[in-house]
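Start counting the sequence shown at -1; every next residue gets the next number (my numbering).
From the three backbone atoms N, C-alpha and C, an ideal C-beta is built for every residue, glycine too.
If you're wondering where the values come from, they're calculated on a predicted model, not measured in any experiment.
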Amino acid sequence: MYSVAHRFASWERVVRRMEPGWSSEDFYPVSAYSNDLDSRDSLEDVMRSALPIEAREGALGRLLARLDSRFRAETVPDPELSLRPWVRPTKEKPEAELGEWWKRKPVREPWD
-1 MYSVAHRFAS WERVVRRMEP GWSSEDFYPV SAYSNDLDSR DSLEDVMRSA LPIEAREGAL
59 GRLLARLDSR FRAETVPDPE LSLRPWVRPT KEKPEAELGE WWKRKPVREP WD
């Protein structure tokens, strides 16, 4: 099981990877993007159920809001779910219950 700090760090890496100016020699396949969105789901679960309200509404909640805002800035809505053949959640949920990150696509694809 990953720590809360690890989950935040993972989400921040995804966001940074999509932002202009990111350069890295590491291989990043589209399947890694799926895993990262699954990690964001896990972070959501932790924020909702495992942390006290002070953390959710305090510094951690603000940090997550900033990261999500940066994510939205580097993605566009994808109502056609054009990435779904390659990017699928591992947990079976109705589409309406999925986080918004599953319904957006990067402006600049970060995978190789």
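- For Arg70, the enclosing alpha helix (DSSP H) covers residues 57 to 71.
- Within the model, the alpha-carbon separation for Val2 versus Val12 is close to 16 Å.
- In the DSSP annotation of this structure, the continuous segment of the beta strand (DSSP E) that includes Arg102 starts and ends at 102 to 104.
- DSSP places Val74 in the strand class (E or B) of the three-state scheme.
- In the structure shown, Leu41 adopts helical secondary structure according to DSSP, grouped into three states.
- In this structure Ser32 is in contact with Arg86, their Cβ atoms being roughly 6 Å apart against a cut-off of 8 Å.
- If you draw a straight line from the Cα of Glu90 to the Cα of Met16, it comes to about 26 Å.
- Only residues of its own chain outside the window of five on either side were considered, and among them Met16, Glu72, Thr73 have a CB closer than 7 Å to the CB of Pro104, listed in chain order.
- Residue state for Leu35 is assigned as helix, using DSSP reduced to three classes.
- A distance of 9 Å or more separates the beta carbons of Arg102 and Pro83.
- The shortest C-alpha to C-alpha distance from Phe69 to any of Pro27, Arg38, Ser21 is the one to Arg38.
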